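To start, the structure itself, in structure tokens.
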Amino acid sequence: MLKLWTKAQAWKKCEDGATAIEYGLIAAGIAVAIAAVVFAFGEELVGLFEGLTDTLSGAGGGGE
Numbered sequence: 687m688l689k690l691w692t693k694a695q696a697w698k699k700c701e702d703g704a705t706a707i708e709y710g711l712i713a714a715g716i717a718v719a720i721a722a723v724v725f726a727f728g729e730e731l732v733g734l735f736e737g738l739t740d741t742l743s744g745a746g747g748g749g750e
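With the sequence shown counted from 1, adding 686 to any position gets you the numbering used here.
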């Protein structure tokens with residue numbers, strides 16, 4: 687019974703999963719930041735990528 691008790695106490699003190707949770711929270715924060723930037727600057731980003739696409743399509747000599 688004492689062995690079971692000591693294993694339970696050791697399990698409660700184990701912090702191996704804490705790192706994974708912290709990385710998950712960091713990833714969630716980054717995802718929220720990216721979503722906020724895309725929401726705020728979405729139209730400008732679309733225009734930027736369309737302009738780049740037009741420029742690259744013209745430079746390739748009609749690759750389509």
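Where a beta carbon is used, it is the ideal one built from N, C-alpha and C, also for glycine.
Everything numeric in this text was worked out from a predicted model, so none of it was measured.
Straight-line Cα distance separating residue j from residue i
i: Ala745; j: Ile712; result: 40 Å
i: Ser743; j: Glu729; result: 21 Å
i: Thr692; j: Ala704; result: 21 Å
i: Gln695; j: Gly710; result: 26 Å
i: Gly737; j: Ala706; result: 40 Å
Distance between beta carbons of residue j and residue i, contact taken as under 8 Å
i: Leu734; j: Val724; result: Leu734 to Val724, Cβ: 12 Å. No contact.
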